[in-house]
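Novice: Can you keep this structure in mind? I'll have questions shortly.
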Amino acid sequence: MATFELGGTTFNEGDKLIITTPEIGTVTVHTTINGLTRGKEALGLDLGYIKTPLDCRSDIRKDNLNARLSLYSNNQGHVGVMLHYCCNCPWQDHNHALEYHDLTIQGNAIKSNSIGKLYRVPHNHPLAEGYEYLQPKPVSPLSAPASPPPPKAVVVKKEEPKPAPPAKVVFEPTKPAPKPKPAPEGQISLF
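The sequence shown: position 159 = 159 (full-length UniProt numbering), numbered continuously.
Structure, rendered in structure tokens:
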């Protein structure tokens with residue numbers, strides 16, 4: 001019988017795991033090692049079909065299983081443990097896999113406290129409706145923490161010399177110019 005190690009616990013193929021995520025809730029699954037397993041380096045588990053709150057079904061029966069779970073682990077710590085959920089919607093509306101990272105593993109229980117991600121980013125998958133508060137909030141420029149103000153520049157004002165005030169012109173009464181002396185006879189006076 002094939003065995004695998006998960007979170008420090010050794011399991012056998014066919015053992016029961018209890019999976020809990022906000023969107024899916026709590027489901028009990030039985031493990032099957034899938035073809036992606038390569039020795040102790042990587043582990044791929046098929047957790048089988050599950051029922052989710054989504055209305056889509058592969059047929060009209062409301063109690064029909066409509067999703068599939070898989071678990072992938074890299075025992076060398078490069079990837080960690082990822083839980084994949086994929087809806088089996090016949091209309092291919094919800095066919096993207098949701099990934100759950102940073103799982104808590106205690107015994108045979110695997111729990112995710114955050115909603116699944118689509119390509120490692122938050123998503124608007126209909127299964128996550130009502131769990132938006134668990135998504136990381138984008139930081140907008142208005143709500144971002146204020147950065148320290150830039151250093152204030154020291155402005156040195158160059159003082160230009162002020163123009164001198166206009167000189168006061170004082171008009172003083174002038175003395176009448178002296179009358180020219182008459183030129184001696186025979187000379188011409190210029191004045």
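Each residue gets a CB set at the ideal place from its N, CA and C atoms; glycine is no exception.
Which residues mark the beginning and the end of the beta strand (DSSP E) in which K179 is found?
Specialist: The residue labelled residue 179 in the question sits at position 179 within the sequence shown. Premise fails: K179 is in no beta strand (DSSP E) and is neither H nor E.
Novice: What number of angstroms, rounded off, separates the C-alpha of E185 from the C-alpha of K179?
Specialist: For this step, residue 185 is matched to residue 185 along the sequence shown. For this step, residue 179 is matched to residue 179 along the sequence shown. Their backbone Cα atoms lie some 18 Å apart in a straight line.
Novice: What number of angstroms, rounded off, separates the C-alpha of A109 from the C-alpha of P22?
Specialist: Translated into positions along the sequence shown, residue 109 becomes position 109. Translated into positions along the sequence shown, residue 22 becomes position 22. Each residue's Cα considered, the two are about 14 Å apart.
Novice: Which of the three DSSP states, helix, strand or coil, is assigned to T31?
Specialist: Position 31 of the sequence shown, counted from the start, is the residue given in the question as residue 31. T31 falls in the coil class under three-state DSSP.
Novice: With distances taken Cα to Cα, identify the nearest neighbour of D46 among T26, L71, T28, D102.
Specialist: Within the sequence shown, the letter at position 46 stands for residue 46. Nearest option by C-alpha distance: L71.
Novice: Select from L103, E159, P161 the residue whose C-alpha is nearest the C-alpha of L6.
Specialist: Along the sequence shown, one-based indexing puts residue 6 at 6. It is L103 whose Cα lies nearest to the Cα of L6.
Novice: Is the separation between the beta-carbon of I33 and that of I50 shorter than 8 Å?
Specialist: By one-based count along the sequence shown, residue 33 stands at place 33. By one-based count along the sequence shown, residue 50 stands at place 50. Their beta carbons are not under 8 Å apart, which means I33 does not touch I50 by this criterion.
Novice: Quick check on G116: buried or exposed, where buried means 16 or more other Cβ atoms within 10 Å of its Cβ?
Specialist: Against the sequence shown, residue 116 aligns to sequence position 116. With 16 or more Cβ atoms within 10 Å of its Cβ, G116 is classed as buried.
Novice: Using beta-carbon positions only, say whether G44 and H30 come within less than 8 Å of one another.
Specialist: In the sequence shown, the residue the question calls residue 44 occupies position 44. In the sequence shown, the residue the question calls residue 30 occupies position 30. No, they are not a contact pair.
Novice: For N113, which option in F11, E160, T20 has the closest C-alpha, if you only look at C-alpha atoms?
Specialist: As a working mapping, residue 113 is identified with position 113 in the sequence shown. The residue with the shortest Cα to Cα distance from N113 is T20.
Novice: In terms of alpha-carbon separation, which member of G107, I105, E99, Q106 lies closest to Y119?
Specialist: Your numbering for residue 119 matches position 119 in the sequence shown. Residue E99 is the option with its Cα nearest to Y119.
Novice: Please state the DSSP three-state secondary structure of N12.
Specialist: Against the sequence shown, residue 12 aligns to sequence position 12. Looking at N12 - three-state DSSP - the assignment turns out to be strand.
Novice: Quick one: give me the first and last residue of the beta strand (DSSP E) that K111 is part of.
Specialist: As a working mapping, residue 111 is identified with position 111 in the sequence shown. Its beta strand (DSSP E) spans residues 109-111.
Novice: Quick one: is A67 buried, meaning 16 or more other Cβ sit within 10 Å of its Cβ, or exposed?
Specialist: Here residue 67 corresponds to residue number 67 of the sequence shown, with the count starting at 1. With 16 or more other Cβ atoms within 10 Å, it is buried.
Novice: Expressed to the nearest angstrom, what Euclidean distance is found between the alpha-carbon atoms of F4 and N12?
Specialist: Counting from 1 along the sequence shown, the entry for residue 4 is found at position 4. Counting from 1 along the sequence shown, the entry for residue 12 is found at position 12. Going by the C-alpha atoms only, they are around 6 Å apart.
Novice: Rounded to whole angstroms, how far is the Cβ of I18 from the Cβ of T28, which I believe are closer than 8 Å?
Specialist: Counting from one through the sequence shown, the residue named residue 18 turns up at place 18. Counting from one through the sequence shown, the residue named residue 28 turns up at place 28. Yes, they are in contact, since the Cβ atoms of I18 and T28 sit about 6 Å apart, within 8 Å.
Novice: Is A67 helix, strand or coil when you go by DSSP?
Specialist: Along the sequence shown, read from residue 1 onward, the residue named residue 67 stands at position 67. Looking at A67 - three-state DSSP - the assignment turns out to be strand.
Novice: What is the rounded straight-line gap between the Cα of P166 and the Cα of K158?
Specialist: The residue given as residue 166 occupies position 166 in the sequence shown. The residue given as residue 158 occupies position 158 in the sequence shown. Their backbone Cα atoms lie some 23 Å apart in a straight line.
Novice: For D46, list the residues DSSP reports as bridge partners.
Specialist: For the purposes of this step, residue 46 is taken as the residue at position 46 of the sequence shown. T32, S70, per the DSSP bridge assignment.
Novice: In angstroms with no decimal places, state the Cα-to-Cα distance between P161 and K181.
Specialist: Against the sequence shown, residue 161 aligns to sequence position 161. Against the sequence shown, residue 181 aligns to sequence position 181. Going from the Cα of P161 to the Cα of K181 covers about 52 Å.
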